[in-house]
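FYI, UniProt numbering numbers position 643 of the sequence shown as 643, with every residue one higher than the one before it.
Heads up, the beta-carbon is just placed ideally off N, CA and C, and yes, glycines get one too.
The model shown is predicted, which means the values in this text are computed figures rather than measured ones.
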Amino acid sequence: MPTKSNYPDVPIPDVDLWGFLFERKDKPFQDDKVIYVDPYTKRSYTYAQVKNVAIEFGQGLKALWDWQKGDVLTLYTTNCIDTPAITWGCHWAGGVLSPANPAYTVDELAFQLKDAGAKAIVTQMAFIKNAQAAATKVGIPLDRVIVMGDQRDSNYKVKHFTSIRKTSGSARYRRTKAKPDQDLAFLVYSSGTTGHPKGVMLTHRNIVANTMMIKAGEGGKLSTTGGPSGDGDNILAFLPFFHIYGLTCLIHQAMHSGLQLVVMPRFDLEDFCKFVQELKITFVYVVPPIVVLLAKSPVISKYDLSTVRMMNSGAAPLTKELVDAVYGRLKIPIKQGYGLSETSPTTHTQPWETWNKHVGSVGTLLPYQVAKYMSPEEKELKVGEVGELWIKGPNVFKGYLNNPEGTANALTSDGYFKTGDVGYQDVDGNFYITDRIKELIKYKGFQVAPAELEGILLSHPSINDVAVIGVYEKDEATELPRAYVVPKDGLDRTDDEKKAIIDWLGERVAGHKRLRGGIRWLDEIPKSASGKILRRMLKVKALEEFSFSPLPTNSDAANTTAYPSQLLADSKDPNTAAMAPKRRVIELDGDDDSDITEIYPAPSCNRSQTRSRNRRTRRPTSLLQTRVGTTMDNSFFPDRTLHLIAHIRRLEIQAVMSAYESKMPVSPQCMYTIISETAVDSSRDVSTHPAGPSSPSLSFVNAQLLQLFLARNPRLTAMKERPKFVWLAPIKGVRNPRFARLHAVSLFLSELVEGERHTKVLYVERTEVEVEVEVEENKKGDEGAGAREVKDERKE
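So, in structure tokens, the structure goes:
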């Protein structure tokens, strides 16, 4: 059954946004309440002033530009306290507001203007040249490119928005009312995996509903009176207003609840701290990179931030360590939330009272939300099972503009939005987001479409082929775009050439789309048979570069703990002493059957014995082994089996470490899950293991691999401070404990399998595996050396 919100339903007024904000009878504050403040210029707007300026601007749109219902106004600017008045003035006149990132280049802005069918642009003087160039490109008259803010055109060629007002005359202009559930209020652009951004159509009812939902989620903790300043809670607003996060959570919530919004045009750490201290800020919406600064920056120590009662983080998951670090340093709690442009945006949030109870969770469903996790076959999953999150509610968007195919793929016939995000929920209704189906790169809250950058890079004269992925930068707590480039013949693969390409692209895209993750040279881009870029294979390369050492050989034994073959040092088999992998090939071909080929020197065994000792097992050693069919009986091929198991387990370690080095969007119960059927102390000495080195158990192998991995990766030494690493630790509410490790295993599998085929392994409850081992006989006929083919016949 789908999960419903535990919150009681809150009334959602059946009105448009103007009626919701300015024609209400339950307003709990006075008209002279200051709502928006510019801390730099000291300019401000009261509730009444916003309303009056909005009406004047709306009348001007009708009088001067014949504004009609559905006409689109594009806002191309950084945060400004004029934004709310312009927004609702557009709505008063029946228009639709389409905010654009001020970092957009002329071409990027022109695309949005054309796709949205914009009739006019409001910008600031700092962006006027790009705005005018884009307007010219799509045929918008230059007299309809106007400015906002304190700076005006000294040549009087560009109008200020305050000059767009009704001139004297007998004509009377009335407000154009919108149909709440049909007419658009906003057209926000969300990067699509296919290249150009998609226009997300949000109705008046979408925003009204989400504003009420967010208010309920805050649980009445934010007030219009009292507080350190005596004027109630105030919010420091630096998250961009051109993003739905800022539009709804900041602009609309402040106006409806009577909260004072201190508006910064952009984030600056020193100014952030200064304003918190001077203006006694009590609540802040943040994103993870800012939380990193709060935890680490020495600037923080110079200021008193004690008035902040709560922070709310969104856009990407936070780790428990980061939340604990900020609270330990500043005593400021941080709760998390979740949402998307298509959901207006917020669908989940953590209650204030339980901010530290389920760290890693995005919280519980807000009012009116119904959600479920679905398998790739679109079957509903149980609590604790990992799948794609689907959400339904009055905040779900109307569709993508001019993109019926995209809309059909995103929305189901019964109203669910397929988020493209993967996760699970526990029995208490806490939701966890662990991965993304989408290929979008998230750089500090901004979305970057790989296909868009690839299309531009392919026009570079020195590039034959290219693929772009996101690589996680722990210090900045964000993904960075990186390009893997196949250069044209004769090009020198030098750092200077890399820089030249990076600079070339930087001149053509917005700042958040630059290749901050650098460039790597390749001879060939990995692609599927159908020509699709296998980005996940590139992510494997990136993870290996930053986190993983190559598989060790005997020569490494002096430097660190031995590879599992050395764990069998007292074995009499001469092959074990020299055992080291010659080759590793794992092929998952997209069919139901999968192959694994591992070439090692084989221990003593003859063919007849091999065939007679095939076994069936109902408890595969590893979920990954279940997928590739490699479960064997240790008693007959202990060395070979342990090698294969250890090798696969090491890949699982890598997968977990990739989560550690990246988002770590997993529940606290399995945050430090590594690999063991039992609790394993990573510092345990070989000789102390109960089984002894002569008969290594899987737990023993796991312990050694963990020691090896930590020792060979100095960047991960901090994890040694965690003595217990539990693999099959049950999560509360998870019926099958194997799901505690699915995130790590799926990370690795996703690197290998095209499309979504790999996710099938996530739903295997029980599998019978029949293993047939073929051993190539050597000259004596009784010893095998070479390749073994492992075949499996699965019955699910």
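Original post:
Roughly how many whole angstroms lie between the Cα atoms of ARG309 and GLY363?
Top reply: Within the sequence shown, residue 309 is the residue found at index 309, counting from 1. Within the sequence shown, residue 363 is the residue found at index 363, counting from 1. When rounded, the separation of the alpha-carbon atoms in ARG309 and GLY363 is 18 Å.
Original post:
What is the rounded straight-line gap between the Cα of residue 797 and the Cα of GLU454?
Top reply: The structure shown has nothing for residue 797, since the chain only spans 1 to 796.
Original post:
Helix, strand or coil for TYR303 per DSSP?
Top reply: Stepping through the sequence shown from its first residue, residue 303 is reached at position 303. In the structure shown, TYR303 sits in coil (DSSP, three-state: anything other than H, G, I, E or B).
**OP:** For the beta strand (DSSP E) holding TRP521, just list the boundary residues, first then last.
**Re:** One-based indexing of the sequence shown puts residue 521 at position 521. 519 to 521 is the extent of the beta strand (DSSP E) around TRP521.
Original post:
So what does DSSP say about THR87, is it helix, strand or coil?
Top reply: Numbered from 1 along the sequence shown, position 87 holds the residue referred to as residue 87. If DSSP states are grouped into helix, strand and coil, THR87 belongs with the helices.
Subject >> ASN402 burial status per 10 Å Cβ neighbour count (16 or more: buried) >> reply: In the sequence shown, the residue the question calls residue 402 occupies position 402. With fewer than 16 other Cβ atoms within 10 Å, it is exposed.
Original post:
How far does the beta strand (DSSP E) with THR407 in it reach, from first residue to last?
Top reply: Within the sequence shown, the letter at position 407 stands for residue 407. Note, THR407: premise wrong, no beta strand (DSSP E); alpha helix (DSSP H) at 404 to 410.
Subject >> Spatial neighbours of PHE446 in its chain, beta-carbon cut-off 7 Å, leaving aside the 5 residues before and after >> reply: Residue mapping note: residue 446 aligns to position 446 of the sequence shown, counting from 1. Within the same chain, PHE446 has close Cβ partners HIS512.
**OP:** Kindly indicate which three-state DSSP category LEU202 falls into: helix, strand or coil?
**Re:** Looking up residue 202 in the sequence shown gives position 202. The DSSP-derived three-state label of LEU202 is strand.
Original post:
Using DSSP with H/G/I as helix, E/B as strand and the rest coil, what is GLY420?
Top reply: On the sequence shown, residue 420 is found 420 positions in, with the first residue counted as 1. Strand.
Original post:
Could you give the distance in angstroms between the alpha-carbon of PRO265 and the alpha-carbon of PRO28?
Top reply: For the purposes of this step, residue 265 is identified with residue 265 of the sequence shown, where counting begins at 1. For the purposes of this step, residue 28 is identified with residue 28 of the sequence shown, where counting begins at 1. Distance between the alpha carbons of PRO265 and PRO28 is about 28 Å.
**OP:** Compare the C-alpha of ALA120 against each of TRP65, LYS157, ASP153 and TYR104 and name the closest.
**Re:** Mapped onto the sequence shown, residue 120 falls at position 120. Among TRP65, LYS157, ASP153 and TYR104, the Cα nearest to that of ALA120 belongs to TRP65.
**OP:** Return the CA-CA distance between GLY360 and LYS320, expressed in angstroms with no decimal places.
**Re:** Residue 360 sits at position 360 when you count from the first residue of the sequence shown. Residue 320 sits at position 320 when you count from the first residue of the sequence shown. Straight-line Cα distance between these residues: approximately 6 Å.
**OP:** Tell me ASP465's beta-bridge partners as DSSP assigns them.
**Re:** Here the question's residue 465 lines up with position 465 in the sequence shown. DSSP lists VAL486 as the beta-bridge partner residues of ASP465.
Original post:
Taking ASP115 as the reference, which of ALA103, MET125, ALA135 and PHE275 has the closest Cα?
Top reply: Here residue 115 refers to the residue found at position 115 of the sequence shown. Considering only alpha carbons, the answer is ALA135.
Original post:
According to DSSP, is ASN210 helix, strand or coil?
Top reply: Numbered from its first residue, the sequence shown carries residue 210 at position 210. Here DSSP, grouped into helix, strand and coil, assigns ASN210 to helix.
Original post:
When DSSP labels each residue in this structure, what does ARG757 get in the three-state scheme?
Top reply: Walking along the sequence shown from the start, residue 757 turns up at place 757. With a pLDDT of only 27 at ARG757, under 50, the local geometry of the prediction cannot be trusted, and no value is derived from it.
Original post:
Counting along the chain, where does the alpha helix (DSSP H) carrying THR136 start and finish?
Top reply: Taking the sequence shown and counting its residues from 1, one reaches residue 136 at position 136. Element bounds for THR136: 128 to 138.
**OP:** Starting from TRP504, follow the alpha helix (DSSP H) in both directions and report where the run begins and ends.
**Re:** As a first step, residue 504 must be located in the sequence shown, where it is residue number 504. Here the alpha helix (DSSP H) through TRP504 covers 495 to 506.
Subject >> Alpha carbon of MET664 to alpha carbon of THR434, nearest angstrom >> reply: Here residue 664 refers to the residue found at position 664 when the sequence shown is read from its first residue. Here residue 434 refers to the residue found at position 434 when the sequence shown is read from its first residue. Confidence at MET664 is low in this model, with a pLDDT of 35, below 50, so the placement of that residue should be treated as unreliable; the coordinate-derived value is given next. Spanning the two alpha carbons is a distance of roughly 8 Å.
**OP:** Tell me whether the beta-carbon of ALA185 lies closer than 8 Å to the beta-carbon of LEU17.
**Re:** Start at 1 with the first residue of the sequence shown, and residue 185 comes out as number 185. Start at 1 with the first residue of the sequence shown, and residue 17 comes out as number 17. Yes, these two residues count as a Cβ contact at 8 Å.
Original post:
Using the beta-carbon count (16 or more within 10 Å), is ALA449 buried or exposed?
Top reply: The sequence position of residue 449 within the sequence shown is 449, counting from 1. Its Cβ being crowded by 16 or more others within 10 Å, ALA449 is buried.
Original post:
If you follow the alpha helix (DSSP H) that GLN277 is part of, which residue opens it and which one closes it?
Top reply: As a working mapping, residue 277 is identified with position 277 in the sequence shown. First-last of the alpha helix (DSSP H) with GLN277: 269 to 279.
**OP:** Sort out for me which residues DSSP pairs ASP231 with in a bridge.
**Re:** Here residue 231 is taken as the residue at index 231 of the sequence shown, counted from 1. Paired residues: GLY226.
**OP:** List the whole-angstrom C-beta distance separating VAL485 from ILE501, where the pair is believed to meet the contact cut-off of C-beta under 8 Å.
**Re:** For this step, residue 485 is matched to residue 485 along the sequence shown. For this step, residue 501 is matched to residue 501 along the sequence shown. VAL485 to ILE501, Cβ: 7 Å. Contact.
Subject >> C-beta atoms of ILE146 and VAL158 nearer than 8 Å >> reply: Here residue 146 refers to the residue found at position 146 when the sequence shown is read from its first residue. Here residue 158 refers to the residue found at position 158 when the sequence shown is read from its first residue. The answer is yes: Cβ separation under 8 Å.
**OP:** Give the secondary structure of VAL771 by DSSP, where H, G and I count as helix, E and B as strand, and everything else as coil.
**Re:** Position 771 of the sequence shown, counting from 1, holds the residue named residue 771. Because the pLDDT at VAL771 is just 23, under 50, the model does not fix this residue reliably, and the point stays unresolved.
Original post:
Which residues bound the alpha helix (DSSP H) around HIS256?
Top reply: Here residue 256 is taken as the residue at index 256 of the sequence shown, counted from 1. HIS256 -> alpha helix (DSSP H) spans 253 to 257.
Original post:
For the beta strand (DSSP E) that contains TRP390, what are its first and last residues?
Top reply: Along the sequence shown, read from residue 1 onward, the residue named residue 390 stands at position 390. Taken as a continuous stretch (DSSP letters only), the beta strand (DSSP E) holding TRP390 covers 387 to 392.
Original post:
Hey, how far is the Cα of GLY232 from the Cα of MET255?
Top reply: In the sequence shown, counting from the first residue as 1, residue 232 sits at position 232. In the sequence shown, counting from the first residue as 1, residue 255 sits at position 255. Rounded to the nearest angstrom, the two C-alpha atoms are 13 Å apart.
**OP:** Can you tell me which of the three DSSP states MET1 falls into?
**Re:** Looking up residue 1 in the sequence shown gives position 1. In the structure shown, MET1 sits in coil (DSSP, three-state: anything other than H, G, I, E or B).
Original post:
To which residues of the same chain is ASN79 closer than 6 Å at the C-beta, ignoring the five residues directly before and after it?
Top reply: Here residue 79 corresponds to residue number 79 of the sequence shown, with the count starting at 1. For ASN79, where only same-chain residues beyond five positions count, the Cβ hits under 6 Å are PHE241, VAL263 and PRO265.
Original post:
Just to confirm, are PRO367 and THR248 a CB contact at a threshold of 8 Å?
Top reply: To locate residue 367, count along the sequence shown from 1; it is residue 367. To locate residue 248, count along the sequence shown from 1; it is residue 248. No, Cβ-Cβ distance for PRO367 and THR248 is not below 8 Å.
Original post:
Expressed to the nearest angstrom, what Euclidean distance is found between the alpha-carbon atoms of VAL284 and ALA410?
Top reply: The count along the sequence shown starts at 1 and reaches residue 284 at position 284. The count along the sequence shown starts at 1 and reaches residue 410 at position 410. Spanning the two alpha carbons is a distance of roughly 32 Å.
Original post:
Do you know offhand how far ASP181's Cα is from ILE334's?
Top reply: Translated into positions along the sequence shown, residue 181 becomes position 181. Translated into positions along the sequence shown, residue 334 becomes position 334. Cα to Cα, the separation comes out at about 34 Å.
Subject >> Neighbourhood of LEU458 by C-beta distance below 7 Å, restricted to the same chain and skipping five residues each side >> reply: Here residue 458 corresponds to residue number 458 of the sequence shown, with the count starting at 1. Taken in chain order, the residues that qualify are VAL466.
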